[in-house]
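Numbering (our numbering), first residue to last: 6 to 487.
Below is one structure, written out as structure tokens; comments come after it.
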Ligand code: C2O
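This is the structure we're talking about:
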């Protein structure tokens, strides 16, 4: 396989993506980091040099790591932390995957402070190859002005008179200061604390369109917490890819996208030459009240020939259309249908939030809350022959391979959605619904979509099916960082 080498240095740099100056944990001094781009079948070598002043690890989100589970990059699971001032090399091939992925720090809450980048696997056999002219990467994120370590500390402080059943200190952590598109947005500096360095109107991201060209937008939500509705005024989008799976063309106006999810959509520059607003709207249903005033994150789509500095008209789809079509899970169909194997094993995982013994609100899966073992990662345990004596709080499940097909039913008792990601695999999303009772008849075992990050709805359930055919230790977790 062709070898592609990426040298990345992680270091702290003072930047002002939205005009507000803060220290960010960057990759090669950039935020977001450089894009890792290869072809299906290639070998990826990532030389990481850690100059962050704290330990780190790098996870390539969505990569199966078949045969190289030790390069999955999860500190405490598949490797020890990379200490400050050390280097570490990830080295894996991508024989059977193509699509839109990302890479990010998988140590503590570091990715929220900036260690993120897009990871694109091009596909020479892409069935849509002739249906777009150019590719554009669009990274959406919520954005905090405070270091994630401070936010997390607040979040994990025993609550003072909070609500027992849900994450307390919600406001400290779950309400971002802003949102960004490709690392840019404006910020109203009158909201910044006194004494901070901040400039208004630092500028929006700008995407160049040429009339009648067709663009494949690869949209990646790298948020800590926020789901978005993504759209471009007056332009329809056609979904063609979900996290490495091609889909039938699916025409929509707005794309709901949760944390860590990715989609490719084709957008044709078929509108009059002008400037248009690209928008990423916070989904606010489960946010605390003071988050409701968060404004829509915007970028500019500039047609070649349109004035450079005129403000685009505000024409959100939902305001002028009788039926604004949002992407619905039910209409998302794989381009090629597969024969689904029958489940040989069923498990149920219940998500709850409550105080632990020290009064800190934590998330639990079946009453166990995971803590990584930084000194003795799970994979090392297995190599040491200690596969079966996991402490209860490690929440580990052991599958025999080959042959097993596993259905996981998630029951979410929390009043917020939870985007769950599985490492090393994709899963079929058989269905979801409200309440705690799974409606078995509603499950789709004919042509369900296959992906690696799926939403478990608030006070609801989801059934996922996967084939554990990739030996190694792989996490499955909610991707909300706090
Ligand atoms: Cu995006 Cu455990 O990862």
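Built from N, CA and C at the ideal position, the CB exists for glycine as well.
Could you check which residue in the options has the C-alpha nearest to that of residue i?
i           : options            : result
residue 458 : 447, 479, 355, 483 : 483
residue 150 : 353, 196, 471      : 196
residue 341 : 139, 133, 379, 319 : 133
residue 218 : 41, 372, 137, 424  : 137
residue 439 : 26, 148, 467, 67   : 467
residue 492 : 475, 460, 94       : Residue 492 falls outside the range modelled here, since the chain spans only 6 to 487, and no answer is possible.
residue 190 : 180, 198, 199, 203 : 203
residue 83  : 7, 279, 379, 109   : 379
residue 148 : 69, 287, 212, 402  : 287
residue 42  : 67, 111, 11        : 11
residue 35  : 242, 24, 20, 238   : 20
residue 239 : 311, 321, 193      : 321
residue 208 : 199, 447, 185, 387 : 185
residue 67  : 216, 160, 429, 370 : 429
residue 328 : 259, 312, 427      : 259
residue 326 : 161, 346, 257      : 257
residue 335 : 114, 485, 453      : 453
residue 410 : 281, 112, 346      : 346
residue 349 : 312, 405, 237, 441 : 405
residue 450 : 426, 338, 198, 465 : 338
residue 93  : 52, 160, 155       : 52
residue 236 : 465, 91, 161, 281  : 281
Please state the DSSP three-state secondary structure of residue i.
i           : result
residue 115 : helix
residue 48  : strand
residue 386 : helix
residue 136 : helix
residue 76  : helix
residue 240 : strand
residue 20  : strand
residue 172 : Any reading at residue 172 must be qualified, since the residue scores a pLDDT of 42, below 50, and its modelled position is unreliable; the value itself is stated next. Three-state result, residue 172: coil.
residue 192 : coil
residue 154 : helix
residue 214 : strand
residue 256 : strand
residue 335 : helix
residue 182 : coil
residue 202 : coil
residue 404 : coil
residue 445 : helix
residue 309 : coil
residue 166 : Confidence at residue 166 is low in this model, with a pLDDT of 43, below 50, so its placement is unreliable and the value that follows should be read with caution. If DSSP states are grouped into helix, strand and coil, residue 166 belongs with coil.
residue 412 : strand
Any heavy atom of the ligand C2O closer than 8 Å to the beta-carbon of residue i?
i           : result
residue 322 : no
residue 107 : yes
residue 79  : yes
residue 149 : no
residue 122 : no
residue 484 : yes
residue 265 : yes
residue 307 : no
residue 480 : yes
residue 423 : no
residue 426 : yes
residue 66  : yes
residue 334 : no
residue 430 : no
residue 127 : no
residue 199 : no
residue 5   : Nothing about residue 5 can be reported from this structure: the residues present for the chain run from 6 to 487 only.
Starting from the C-beta of residue i, find all residues in its chain whose C-beta is less than 6 Å away, skip the five residues before and the five after it, and write them out in chain order.
i           : result
residue 144 : 37, 187, 225, 227
residue 374 : 367
residue 324 : none
residue 232 : 263, 288
residue 395 : 401
residue 194 : 203, 205
residue 28  : 17, 19
By Cβ distance, which residues of its chain are closer than 7 Å to residue i, with the 5 residues on each side in sequence left out?
i           : result
residue 128 : 45, 103
residue 407 : 474
residue 268 : 224, 244, 246, 247, 260, 262
Leaving out five residues before and five after residue i in sequence, what residues of the same chain have Cβ atoms less than 8 Å from its Cβ?
i          : result
residue 40 : 122, 123, 124, 125, 142
Residue i CB to nearest chain B CB: under 9 Å?
i           : result
residue 433 : The structure shown has no chain B; it contains just one protein chain.
Does the count of Cβ pairs from the stretch 246-257 and the stretch 303-312 closer than 8 Å reach three? With fewer than three CB-CB distances shorter than 8 Å, the stretch 246-257 does not count as touching the stretch 303-312.
Decide if the stretch 42-61 is in contact with the stretch 88-98; the criterion is three or more beta carbon pairs, one per stretch, under 8 Å apart. Under the 8 Å Cβ criterion, the stretch 42-61 counts as touching the stretch 88-98, having at least three qualifying pairs.
Inter-stretch contact at 8 Å, needing at least 3 Cβ pairs: the stretch 269-278 / the stretch 425-435: Counting Cβ pairs under 8 Å, fewer than three are found: no touch.
For the stretch 345-355 against the stretch 407-422, do three or more pairs of beta-carbon atoms, one drawn from each stretch, fall closer than 8 Å, so that the two count as touching? Because the criterion of three Cβ pairs below 8 Å is met, the stretch 345-355 and the stretch 407-422 touch.
Please determine if the stretch 66-76 and the stretch 22-35 are in contact, where contact requires at least 3 C-beta pairs separated by less than 8 Å. Under the 8 Å Cβ criterion, the stretch 66-76 does not count as touching the stretch 22-35, having fewer than three qualifying pairs.
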